[in-house]
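First residue of the sequence shown: 1, per my numbering; consecutive thereafter. All C-beta atoms, glycine included, are put in the ideal place defined by N, C-alpha and C. None of the values given here were measured: they were computed from a predicted structure.
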Amino acid sequence: MAKLMPLSDLAPHYDGILCDIWGVLHNGVAAFPDAVDALCRYRAQGGIVVLITNAPRSNHVIYPQLARLGVPREAFDAVVTSGDVTTSLLQKRPDTPLFHFGPVRDQSILEGLTHPLVGSRDTKLCLLTGPLDDGIESADIYEPLLREMRGNAIDMICANPDLVVRSGHRIVICAGSIAQLYAKLGGKVTYAGKPEAPIYQAALTQMTIIAGRTISKSRILVVGDGLPTDIKGAAQNGFAAYFVAGGIHATDMGDMKTPETLTRTYGLIRHQFSDLELAGICDHLRWI
């Protein structure tokens, strides 16, 4: 019979964890105490935790943000962001005029770069970091602008492939939803974060530095709540996955404490990702 798996059941089989942040460690308002406790206990037993997030900002911005939300430094070893990967992509096109599609707070991602910021009609390159305003629930509001950009053949780099995120009790869109619409309209999109390989390669580099040795992929567990990002990323990049069902898919999935729902969820994930090693499912990340 399918059962919910606490992290303590899986911990002996893995030397390292690549853990999502939003929806797993916090909800954008406050940290989840059980999740923080689980990672602290895992690290106390010698495990390595690298937080891997589709945040469209450099990793140094994430550390104080986590502290403010109540995630202590003892819960993780390092942070790798899609913002870090985005910076690497932009460095390959130096000095190119750039249209930043996103909130001003995300412009920290441009620190140290030489791209002049211009309007959408004055460039062939767009950096998408998120909706222009907080709390947007549909990308359709941006369709006129995206159609104009498509007409001008603007290449888009999406710094946050997440489609939606839970903010408190609401579900709001992320940059990925806007990029998805742009691609649907015929625009060219390059994705910097999960589920694509570069962010996992960056995370593995960090884990190797911390461990002082190379850790086999078979000994690394991906923890996340997003099927099209975390779980797909694990499947595409050769990692086992630990699905947190109480995150962004909670409403769709139902109550994991119901055996029928849990069994159905195991089946759904295994059907959708036939090459995936699904190590377990939890309602929320917890140690026991």
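{"Item": "Candidates Ile220, Tyr191, Val172 and Gly47, of which the one nearest tryptophan 22 by Cα", "Value": "Val172"}
{"Item": "With 16 other Cβ atoms within 10 Å as the buried cut-off, status of lysine 194", "Value": "buried"}
{"Item": "Nearest neighbour of valine 24, chosen from Met207, Val244, Thr96 and Asn160 [CA to CA]", "Value": "Val244"}
{"Item": "Contact set for aspartate 34: own chain, Cβ-Cβ below 7 angstroms, skip 5 residues either direction", "Value": "His284, Leu285 and Arg286"}
{"Item": "One or two residues paired with threonine 81 in a DSSP bridge", "Value": "Thr53"}
{"Item": "Backbone secondary structure at methionine 207 - three-state DSSP", "Value": "helix"}
{"Item": "C-alpha gap between threonine 208 and proline 103, whole angstroms", "Value": "34 angstroms"}
{"Item": "Integer Cβ distance of proline 97 from aspartate 134, believed to fall under 8 angstroms", "Value": "That pair is no contact at about 27 angstroms."}
{"Item": "Proximity below 9 angstroms, CB of isoleucine 154 to CB of lysine 184", "Value": "no"}
{"Item": "Local Cβ density within 10 Å of proline 131, reported as buried at 16 or more and exposed below that", "Value": "buried"}
{"Item": "C-alpha distance - alanine 165 paired with serine 177, whole-angstrom precision", "Value": "Checking the sequence, you will find valine at residue 165 rather than alanine. Approximately 11 angstroms, taken between the alpha carbons."}
{"Item": "As assigned by DSSP and simplified to three states, the class of tyrosine 182", "Value": "helix"}
{"Item": "Where the beta strand (DSSP E) containing arginine 170 begins and where it ends", "Value": "170-173"}
{"Item": "According to DSSP, residues forming a beta bridge with glutamate 143", "Value": "Partner(s): none; glutamate 143 has no beta bridge."}
{"Item": "Proximity to alanine 235 [Cα-Cα], best of Lys217, Gly247 and Ile248", "Value": "Lys217"}
{"Item": "Whole-angstrom distance between valine 85 and valine 222, CA atom to CA atom", "Value": "18 angstroms"}
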